[in-house]
Amino acid sequence: MAGLPAQLVAAPAAIATAAQAAVSSIPSVMSNFGLGFANAGFGNVGNANRGNFNLGNANLGSTNFGSANLGNLNFGSANLGSSNFGFGNLGSNNIGFGNVGPGVTAALTNFGFGNTGSNNIGFGNTGNGNVGFGNTGNGNIGIGLDGNNLRGSAG
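In mature numbering (1 follows the signal peptide of the UniProt record, and there is no 0), the protein residues as written are -21 to -1, 1 to 134.
Structure representation (C-alpha coordinates):
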(Lines of atoms letter the chains of each structure in order from A and count residues from 1; the text may use other names and numbers.)
(Lines give C-alpha, C1' and ligand atoms only; values in the text may rest on other atoms or scores of the structure.)
Protein backbone atom coordinates (compact mmCIF):
# COMPACT_ATOMS: atom_id res chain seq x y z
CA MET A 1 0.00 0.00 0.00
CA ALA A 2 2.94 2.27 0.48
CA GLY A 3 3.43 2.63 -3.29
CA LEU A 4 -0.26 3.24 -4.02
CA PRO A 5 -0.10 7.06 -4.03
CA ALA A 6 2.75 6.98 -6.56
CA GLN A 7 0.81 4.54 -8.75
CA LEU A 8 -2.31 6.70 -8.61
CA VAL A 9 -0.30 9.76 -9.63
CA ALA A 10 1.36 7.89 -12.52
CA ALA A 11 -1.90 6.42 -13.89
CA PRO A 12 -3.21 9.57 -15.62
CA ALA A 13 0.15 10.10 -17.32
CA ALA A 14 0.17 6.50 -18.56
CA ILE A 15 -3.40 6.84 -19.84
CA ALA A 16 -2.54 10.12 -21.58
CA THR A 17 0.50 8.54 -23.25
CA ALA A 18 -1.57 5.58 -24.48
CA ALA A 19 -4.32 7.89 -25.77
CA GLN A 20 -1.80 10.09 -27.56
CA ALA A 21 -0.21 7.04 -29.23
CA ALA A 22 -3.63 5.83 -30.37
CA VAL A 23 -4.62 9.22 -31.78
CA SER A 24 -1.29 9.77 -33.53
CA SER A 25 -1.65 6.44 -35.33
CA ILE A 26 -4.96 7.52 -36.93
CA PRO A 27 -3.40 9.61 -39.76
CA SER A 28 -1.23 6.68 -40.88
CA VAL A 29 -4.27 4.44 -40.96
CA MET A 30 -6.44 7.05 -42.72
CA SER A 31 -3.76 8.17 -45.19
CA ASN A 32 -4.62 5.25 -47.48
CA PHE A 33 -8.39 5.50 -47.14
CA GLY A 34 -9.92 4.68 -50.50
CA LEU A 35 -11.56 1.93 -52.51
CA GLY A 36 -9.41 -0.45 -54.54
CA PHE A 37 -6.09 -2.20 -54.39
CA ALA A 38 -2.51 -0.89 -54.22
CA ASN A 39 -3.49 2.76 -53.80
CA ALA A 40 -1.11 5.16 -52.08
CA GLY A 41 -2.87 8.32 -50.99
CA PHE A 42 -6.25 9.39 -49.71
CA GLY A 43 -9.66 9.07 -51.31
CA ASN A 44 -8.61 7.04 -54.36
CA VAL A 45 -11.19 4.87 -56.10
CA GLY A 46 -9.66 2.29 -58.41
CA ASN A 47 -6.40 0.39 -58.44
CA ALA A 48 -2.71 1.35 -58.34
CA ASN A 49 -3.29 5.09 -57.90
CA ARG A 50 -0.65 7.24 -56.25
CA GLY A 51 -1.83 10.63 -55.02
CA ASN A 52 -5.14 11.85 -53.67
CA PHE A 53 -8.71 11.74 -54.93
CA ASN A 54 -8.06 9.79 -58.16
CA LEU A 55 -10.88 7.92 -59.86
CA GLY A 56 -9.59 5.20 -62.17
CA ASN A 57 -6.49 3.07 -62.44
CA ALA A 58 -2.74 3.73 -62.46
CA ASN A 59 -2.95 7.51 -62.01
CA LEU A 60 0.12 9.30 -60.66
CA GLY A 61 -0.87 12.66 -59.24
CA SER A 62 -4.02 14.01 -57.66
CA THR A 63 -7.61 14.53 -58.75
CA ASN A 64 -7.33 12.56 -61.99
CA PHE A 65 -10.41 10.95 -63.55
CA GLY A 66 -9.51 8.12 -65.90
CA SER A 67 -6.55 5.81 -66.22
CA ALA A 68 -2.78 6.15 -66.63
CA ASN A 69 -2.65 9.92 -66.14
CA LEU A 70 0.61 11.47 -64.94
CA GLY A 71 -0.05 14.90 -63.45
CA ASN A 72 -2.95 16.60 -61.72
CA LEU A 73 -6.53 17.47 -62.64
CA ASN A 74 -6.64 15.33 -65.80
CA PHE A 75 -9.92 14.00 -67.17
CA GLY A 76 -9.37 11.12 -69.57
CA SER A 77 -6.59 8.61 -70.06
CA ALA A 78 -2.87 8.57 -70.78
CA ASN A 79 -2.38 12.31 -70.30
CA LEU A 80 1.07 13.56 -69.33
CA GLY A 81 0.80 16.99 -67.75
CA SER A 82 -1.95 18.76 -65.87
CA SER A 83 -5.46 20.03 -66.53
CA ASN A 84 -5.93 18.00 -69.72
CA PHE A 85 -9.33 16.86 -70.99
CA GLY A 86 -9.20 13.91 -73.37
CA PHE A 87 -6.57 11.27 -73.92
CA GLY A 88 -2.99 11.05 -75.06
CA ASN A 89 -2.21 14.71 -74.44
CA LEU A 90 1.32 15.84 -73.61
CA GLY A 91 1.57 19.18 -71.84
CA SER A 92 -1.01 21.12 -69.90
CA ASN A 93 -4.43 22.64 -70.52
CA ASN A 94 -5.08 20.57 -73.68
CA ILE A 95 -8.56 19.56 -74.79
CA GLY A 96 -8.94 16.66 -77.22
CA PHE A 97 -6.56 13.84 -77.98
CA GLY A 98 -3.00 13.55 -79.18
CA ASN A 99 -2.11 17.18 -78.56
CA VAL A 100 1.57 17.89 -77.89
CA GLY A 101 3.16 21.05 -76.60
CA PRO A 102 6.87 21.91 -76.71
CA GLY A 103 7.21 21.09 -73.02
CA VAL A 104 5.21 20.24 -69.98
CA THR A 105 4.34 23.76 -68.82
CA ALA A 106 1.16 25.43 -67.68
CA ALA A 107 1.23 27.83 -70.65
CA LEU A 108 0.11 25.26 -73.22
CA THR A 109 -3.43 25.22 -74.52
CA ASN A 110 -4.38 23.15 -77.56
CA PHE A 111 -7.94 22.33 -78.52
CA GLY A 112 -8.56 19.56 -81.03
CA PHE A 113 -6.64 16.57 -82.31
CA GLY A 114 -2.99 16.10 -83.16
CA ASN A 115 -1.89 19.68 -82.60
CA THR A 116 1.76 20.43 -81.84
CA GLY A 117 2.66 23.75 -80.26
CA SER A 118 0.68 26.18 -78.15
CA ASN A 119 -2.76 27.77 -78.40
CA ASN A 120 -3.85 25.84 -81.51
CA ILE A 121 -7.48 25.10 -82.35
CA GLY A 122 -8.32 22.40 -84.88
CA PHE A 123 -6.62 19.32 -86.28
CA GLY A 124 -2.99 18.65 -87.18
CA ASN A 125 -1.67 22.16 -86.63
CA THR A 126 2.05 22.68 -86.00
CA GLY A 127 3.24 25.94 -84.47
CA ASN A 128 1.53 28.47 -82.26
CA GLY A 129 -1.81 30.22 -82.45
CA ASN A 130 -3.16 28.38 -85.51
CA VAL A 131 -6.86 27.86 -86.17
CA GLY A 132 -7.96 25.27 -88.73
CA PHE A 133 -6.57 22.10 -90.22
CA GLY A 134 -3.01 21.15 -91.19
CA ASN A 135 -1.44 24.57 -90.72
CA THR A 136 2.30 24.95 -90.22
CA GLY A 137 3.71 28.15 -88.74
CA ASN A 138 2.26 30.72 -86.41
CA GLY A 139 -0.96 32.71 -86.39
CA ASN A 140 -2.55 31.00 -89.40
CA ILE A 141 -6.30 30.71 -89.88
CA GLY A 142 -7.36 28.26 -92.55
CA ILE A 143 -6.48 24.93 -94.10
CA GLY A 144 -3.02 23.68 -95.09
CA LEU A 145 -1.25 27.00 -94.72
CA ASP A 146 2.56 27.09 -94.46
CA GLY A 147 4.00 30.32 -93.08
CA ASN A 148 3.01 32.95 -90.58
CA ASN A 149 -0.15 35.05 -90.17
CA LEU A 150 -1.82 33.65 -93.30
CA ARG A 151 -5.57 33.36 -93.99
CA GLY A 152 -7.49 31.04 -96.31
CA SER A 153 -6.38 27.71 -97.71
CA ALA A 154 -3.38 26.38 -99.57
CA GLY A 155 -4.12 26.30 -103.21
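Glycine is no exception: its CB is placed at the ideal position from the N, C-alpha and C atoms.
Cα separation between residue i and residue j?
| i | j | result |
| --- | --- | --- |
| F112 | F12 | 46 Å |
| F21 | S56 | 20 Å |
| N68 | L59 | 6 Å |
| G25 | G15 | 5 Å |
| N117 | N78 | 16 Å |
| L129 | T42 | 40 Å |
| I122 | V110 | 8 Å |
| T84 | I74 | Any reading at T84 needs caution, since the residue's pLDDT is 49, under 50, leaving its predicted position unreliable; the model's value is listed next. Distance between the alpha carbons of T84 and I74: 15 Å. |
| L124 | G103 | 11 Å |
| residue 146 | N48 | Any answer about residue 146 is impossible in this case: the structure gives the chain only from -21 up to 134. |
| G93 | A19 | 33 Å |
Determine whether the beta carbon atoms of residue i and residue j lie at a separation below 9 Å.
| i | j | result |
| --- | --- | --- |
| G40 | N23 | no |
| S71 | T88 | yes |
| G91 | G101 | yes |
| R29 | N38 | yes |
| F44 | N33 | yes |
So if DSSP puts residue i in a beta bridge, which residue, or which two residues, is it bridged to?
| i | result |
| --- | --- |
| F66 | S56, F76 |
| G45 | G35, G55 |
| T95 | V79, T105 |
| A127 | For the record, residue 127 in the displayed sequence is Asn; it is not Ala. The partner list for N127 (beta bridge, DSSP) reads N117. |
| F21 | Answer is none; F21 lacks a bridge partner. |
| S132 | I122 |
Residue i: buried (16+ other C-beta within 10 angstroms of its C-beta) or exposed?
| i | result |
| --- | --- |
| N107 | buried |
| G126 | exposed |
| G134 | exposed |
| S132 | exposed |
| A17 | exposed |
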